[in-house]
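Data block below; observations after.
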Amino acid sequence: IVLQLYKRLAPIFGKHKIGMRGIHIDEYEIEFEIEKNPLHEISIPFATIEFHNGIARMIVRDRGEEFLREGYIDRMIRLVKEKIEKQYYEGKKEYWQLLWQSEEKEHAWDRDPSEEMQRRGWIKLMGKGKWFYFPPAAAIMRAMERIAIEEVIRPLGFKEVIEPMHVSFETWIRTGHLEGMPGEIYYICEPKSREAEEWERFVDLLKITRRVDEEELMKNLKVPKEGVCYAQCPNIYAALAGRTLAEDDLPLLLFERSTPSDRYEAGGKHGIERVDEFHRIEIVYIGTKEQLLQLREKLIERYRHVFNNILELEWRMARVTPFYLQQAGIAGSEEEEAKGTIDFEAYLPYRGDRSKEWLEIQNISIVGEKYVKAFNIKSQKSQLWSGCSGIGLERWMVAFLAQKGMEPDRWPESFRKYVGELPEMLKFL
12 IVLQLYKRLA PIFGKHKIGM RGIHIDEYEI EFEIEKNPLH EISIPFATIE
62 FHNGIARMIV RDRGEEFLRE GYIDRMIRLV KEKIEKQYYE GKKEYWQLLW
112 QSEEKEHAWD RDPSEEMQRR GWIKLMGKGK WFYFPPAAAI MRAMERIAIE
162 EVIRPLGFKE VIEPMHVSFE TWIRTGHLEG MPGEIYYICE PKSREAEEWE
212 RFVDLLKITR RVDEEELMKN LKVPKEGVCY AQCPNIYAAL AGRTLAEDDL
262 PLLLFERSTP SDRYEAGGKH GIERVDEFHR IEIVYIGTKE QLLQLREKLI
312 ERYRHVFNNI LELEWRMARV TPFYLQQAGI AGSEEEEAKG TIDFEAYLPY
362 RGDRSKEWLE IQNISIVGEK YVKAFNIKSQ KSQLWSGCSG IGLERWMVAF
412 LAQKGMEPDR WPESFRKYVG ELPEMLKFL
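Right under this line is the structure:
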């Protein structure tokens, strides 16, 4: 309203050669309806908020013109509503619907494969949630990669891309990662300078104390503007931003396997299946709704072939929906089932209870128009959807070893064809 008034007054003032230098908000008060009152106090930047009988009263003081021109007020209203809604679903479980489950299998053992690989020296912890894989473990992981590529990815026509491991804040703002999980990202700081004299004191302290002086280090680093890859799909979308896809090239089928993913897990780490750095193959597909639904069925069949006939796992599939979508009445709807996520889970015998000790080893997602709109990706004629499927190589490896054990002569012949003879472990004196 204020900007509309400004536009209407500007021509009138112009006739009298009077200009408006700008707009300043001394106090801006707005009331809007909310469906639910907050369960506990809510605060947001730039404003004070009060709630009473389904009405939110927001007051902004002493702000500049950009608040109106850049749409801050509308975003602040949305943020208040999001925070209220989050209070009602926070801590609730996601909607989970079993789609298919294999028969129970007799497993080779009931020990933790990560612990056994550590005991044998096959893997070594190199920091929080980051592992070094010696030749035997590396060979198993590479076998998993070959299976995924030769049995799933190549047969369906996916083409490989290679991306950088750094992701810009601009990209993560578009995908929602920066607002959705800022506490899980590893941030990257560039040096302020590479000139030796700028680093002289830091180096001198290091030579004398043999410790990193953190305060001196921070003086020489810029504020982060990017982070380490969290998932490969954001950079793939960013590379396609603003492009128009040829109709005869749909669906666009891409995969990326070169870039490790890093996520700060805090206290949730365990073995090689829940780590801060892991290796995955990211499959991304863009096409019409009908094309992606057909592709999802083909992916399911290829994964079923791998898990049943090559790895011979005890596994299951489930449709999952976050609780907040379930509350909105979306879970189970035809549109959400067309989109949504299908999780693939494997039973871990070393954890015990078969009714609950399952590990998600990958998923298939269709996200609709979300990312193609965010990155302005279009086609000549069709309305585009997109989706992704992440293959976690460590998790495939854990699921297989947890069920089949560590002795190659007890592994399925179909898997041994891919792994070959395990290389010998290094000999240390």
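Heads up: the sequence shown begins at 12 in this note's numbering, then just goes up one per residue.
A virtual CB, placed ideally from N, CA and C, is assigned to each residue, including glycine.
Please read these numbers as outputs of a predicted model, since none were measured by experiment.
So for residue i, helix, strand or coil by DSSP?
i    : result
F78  : helix
N374 : strand
K438 : coil
A357 : strand
T332 : strand
V430 : helix
M417 : coil
A67  : strand
H51  : coil
Y296 : strand
T352 : strand
A342 : For A342, the predicted structure reports a pLDDT of 46, less than 50, and the residue's modelled location is therefore unreliable. The matter cannot be settled from this model.
P423 : coil
V8   : Absent from the model: residue 8. The displayed extent of the chain is 12 to 440, so no value can be given.
K392 : coil
K97  : helix
K230 : helix
Y275 : coil
V409 : helix
Q337 : Confidence at Q337 is low in this model, with a pLDDT of 41, below 50, so its placement is unreliable and no value can be given for it.
I88  : helix
I402 : strand
E225 : helix
E161 : helix
E156 : helix
I151 : helix
Can you tell which of the options has its C-alpha closest to the C-alpha of residue i?
i    : options                   : result
L50  : I151, A148 and F62        : F62
G75  : I34, H188 and K97         : I34
G138 : Y296, E276 and G398       : E276
E308 : I375, D287 and I60        : I375
Q391 : D259, Q302 and L310       : D259
E325 : Q108, E162, E267 and Q112 : Q112
W210 : I199, L232 and C200       : L232
F143 : T352, F289, R212 and A207 : F289
G278 : E195, R131, G351 and I292 : E195
L265 : R421, G168, K135 and K97  : G168
A385 : E301, I353, L322 and T182 : T182
A252 : K389, D215 and K236       : K389
G65  : L79, R80 and I95          : I95
P147 : Y314, E424 and E418       : E418
S54  : M176, A257, V71 and R327  : V71
K203 : L189, F439, V91 and K230  : K230
P56  : E46, I45, F78 and E42     : F78
M328 : Q129, K300 and A357       : A357
K350 : R362, L306 and N387       : L306
Just checking my contact of residue i with residue j at CB under 8 Å: how many whole Å lie between their CB atoms?
i    : j    : result
V378 : K141 : No, V378 and K141 are not in contact; Cβ-Cβ is about 29 Å, not under 8 Å.
S272 : Y296 : Not a contact, Cβ separation roughly 19 Å.
V409 : G282 : 7 Å
D85  : I36  : So it is not a contact: roughly 15 Å between Cβ atoms.
L437 : F145 : 6 Å
L110 : I353 : 7 Å
P235 : C200 : 5 Å
L370 : R406 : 6 Å
E40  : R80  : Going by Cβ atoms, the distance from E40 to R80 rounds to 19 Å, so no, they are not a contact pair.
N10  : S425 : Outside the shown range of the chain (12 to 440) lies residue 10, about which nothing can therefore be said.
V317 : I158 : 6 Å
Q243 : E293 : 4 Å
I402 : R291 : 6 Å
V91  : I134 : The Cβ separation is near 47 Å, so there is no contact.
Which residues share a DSSP beta bridge with residue i?
i    : result
T59  : I70
Y39  : V71
W142 : L136
K170 : L265
V178 : G238
Y106 : T332
E46  : In DSSP, E46 forms no bridge with anything.
S397 : I297 and G379
W111 : M328
W369 : Y358
| message | List, from N- to C-terminal side, the beta strand (DSSP E) runs of 3 residues or more that fit wholly inside the segment 234-264. | response | 237-239
| Residue ranges of each alpha helix (DSSP H) run of no fewer than 4 residues wholly in the segment 185-219, ordered along the chain? | 188-191
| task | Within the segment 115-140, note down every full beta strand (DSSP E) run reaching 3 residues or more, in order along the chain. | result | 134-136
| Curious, which full-length beta strand (DSSP E) runs of at least 3 residues does the segment 277-326 contain? | 291-298
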